[in-house]
Amino acid sequence: MDKLQISGGVALRGEIAISGAKNAALPLLCAALLTREPVTFTHVPHLNDIGTMLRLLEQIGVKVAREAGKDAAGDTVTLDASALDNPLAPYELVKTMRAAILVLGPLVARAGEAKVSLPGGCAIGARPVDQHIKGLTAMGAEISVEHGYVHAQATRLKGARIFTDMVTVTGTENLMMAACLGTGETIIENAAREPEVVDLATCLNAMGARVSGAGSDVIRIQGVEALHGATHRVMPDRIETGTYLCAAAATGGDVRLTGTSSAYLDAVIDKLMDTGCEITSERDAIRLKAPARLNAVSIRTAPYPAFPTDMQAQFMAINAVADGTAVIRETIFENRFMHAVELIRLGADIKIDGNTAFVKGVAELQGATVMATDLRASASLVIAGLVAQGETVIERIYHLDRGYEALDQKLSALGARVARLK
Ligand code: UD1
79 MDKLQISGGV ALRGEIAISG AKNAALPLLC AALLTREPVT FTHVPHLNDI GTMLRLLEQI
139 GVKVAREAGK DAAGDTVTLD ASALDNPLAP YELVKTMRAA ILVLGPLVAR AGEAKVSLPG
199 GCAIGARPVD QHIKGLTAMG AEISVEHGYV HAQATRLKGA RIFTDMVTVT GTENLMMAAC
259 LGTGETIIEN AAREPEVVDL ATCLNAMGAR VSGAGSDVIR IQGVEALHGA THRVMPDRIE
319 TGTYLCAAAA TGGDVRLTGT SSAYLDAVID KLMDTGCEIT SERDAIRLKA PARLNAVSIR
379 TAPYPAFPTD MQAQFMAINA VADGTAVIRE TIFENRFMHA VELIRLGADI KIDGNTAFVK
439 GVAELQGATV MATDLRASAS LVIAGLVAQG ETVIERIYHL DRGYEALDQK LSALGARVAR
499 LK
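Now the structure itself:
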């Protein structure tokens, strides 16, 4: 299993390009299931989760053509879902990537049937899919859960008014996609407002859907008979952007990130400015200049536009070496502090009480061998390794490969001393 070796203590400097967003690309690829005509996506990031999703779509019957792009331009992927002969998402794939649940809505809408494995427990919490099931049931799908699989059937879904019990990103996306081919109007209330939901709605409308209100908490979808092909560019990855901004901040660096925008990162940029960093936003780029030492900043995660849970771990790492004490409250996932024990092994001073972490900044971290436990937890260990004195080895970096394209190359381009050990 690959490891990442980092010799810390180098301030990151220079310019790198940000990739297309994983969390936008995953639902977008599933949207291609809704039409018989080919759909083309550009700026698809080169990530393990994308490979897993494409394998799943192929098993379902989708023809996949993937063309490698240059550098951060990402891949161009064309999907032809004219024949869907096997509407099944098996456990082997769903267990490695929970977002596989995103095939459920489009498959039942277009093929009239879907069998998708329940994701089961994952490292950051129970993460049930009850809201996806509740919404599809309201649209008239017959759903049973047997032998660990959700089995959904419907001749044609019908419009419904759906109020989700909590804000769910993939839940909103699944229901929005399903409703596109239903009869009449579907209204999703308490919808997720994440930019990735808006990106999906834009693509669906380019395919002939009638979706309005995406980006607000009420989304309306007028069902249509059929969707058609389209070409869509995947939006930039706001979490990758935020992660490199944190890495630059923690190391006292000065970086410019291109192909991205601060438009989707207000909560994160606000907090980085509170740490003492200077941030300049351009139309398609962001520059961050960090002071020698950061101020601690407290955060509380919540659905967009509040502070994203996917940036919580990275902020724990920067607070570990800031002046003062930060209080970090995680309100989305119940078990998302696993990086804390690894950061403590690097010398951080962190106390956990339920969903709250108290992080007291220390003068410096020391390198050690640590283990990645999930995607964003791994990113926080990378940031800590970049500031730590001496050498840090991060084990199980397959988690990073799920969500950060060319992480070692991008960090090297910014001057970091990193090596991938096979
Ligand atoms: C998405 C993101 C993930 C991010 C998360 C929260 C993708 C592919 N992944 O995950 O990176 O961390 O949003 O911003 O976009 N819940 C239920 N029942 C449901 C659905 C959700 O109880 O049916 C709960 C979850 O357990 C969690 C909360 O709702 O506590 C939010 O989860 P959700 O927004 O659904 O996360 P994902 O869409 O899986």
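Heads up: the sequence shown begins at 79 in the working numbering, then just goes up one per residue. For glycine and all other residues, C-beta sits at the position ideal for the given N, C-alpha and C.
- Item | Residues bridged to Met449 (per DSSP) | For Met449, which the question treats as bridged, DSSP gives the partners Glu473.
- Message: By the DSSP assignment, the beta strand (DSSP E) with Val122 in it spans what residues?
- Response: Val117 to Val122
- With Ile317 and Ser340 assumed to form a contact (beta carbons below 8 Å), what rounded beta-carbon distance in angstroms separates them? Contact doesn't hold; Cβ gap of about 14 Å is too wide.
- Query: With distances taken between CB atoms, is the gap from Ala368 to Ala328 smaller than 9 Å?
  - Reply: yes
- Message: Within a Cβ cutoff of 7 Å, which residues of the same chain sit near Thr501, ignoring the five residues on either side of it in sequence?
- Response: Since the first residue shown for the chain is 79 and the last is 500, residue 501 is missing from the structure and cannot be characterised.
- Cα separation between Arg378 and Ile297? When rounded, the distance between both Cα atoms is 26 Å.
- Task: Inspect the CB distances between the stretch 100-118 and the stretch 344-363 and report whether three or more fall short of 8 Å.
- Result: no
- Query: Which residues bound the alpha helix (DSSP H) around Lys212?
  - Reply: Asp208 to Ala216
- Between which two residues does the alpha helix (DSSP H) carrying Lys100 extend? Lys100 to Ala109
- Message: For the ligand UD1, is there any heavy atom lying closer than 8 Å to the beta carbon of Asp388?
- Response: yes
- Unbroken stretches of the alpha helix (DSSP H), 4 residues or longer, contained in the stretch 244-304: 247-258 and 273-284
- Item | Proximity test, Asn126 beta-carbon vs the ligand UD1 heavy atom, cut-off 8 Å | no
- Query: Around the C-beta of Asp315, are 16 or more other C-beta atoms found within 10 angstroms, so that it is buried, or is it exposed?
  - Reply: By the neighbour-count rule (16 or more Cβ atoms within 10 Å), Asp315 is buried.
- Item | Residue from Met254, Ser97 and Ser294 whose Cα sits closest to the Cα of Pro381 | Ser294
- What residue range is occupied by the uninterrupted beta strand (DSSP E) comprising Lys438? Thr434 to Lys438
- Item | Nearest residue (CA-CA) to Leu171, options Ile128, Lys212 and Gly190 | It is Ile128.
- Query: Is there contact here, the stretch 243-251 with the stretch 218-225, by at least three beta-carbon pairs under 8 Å?
  - Reply: no
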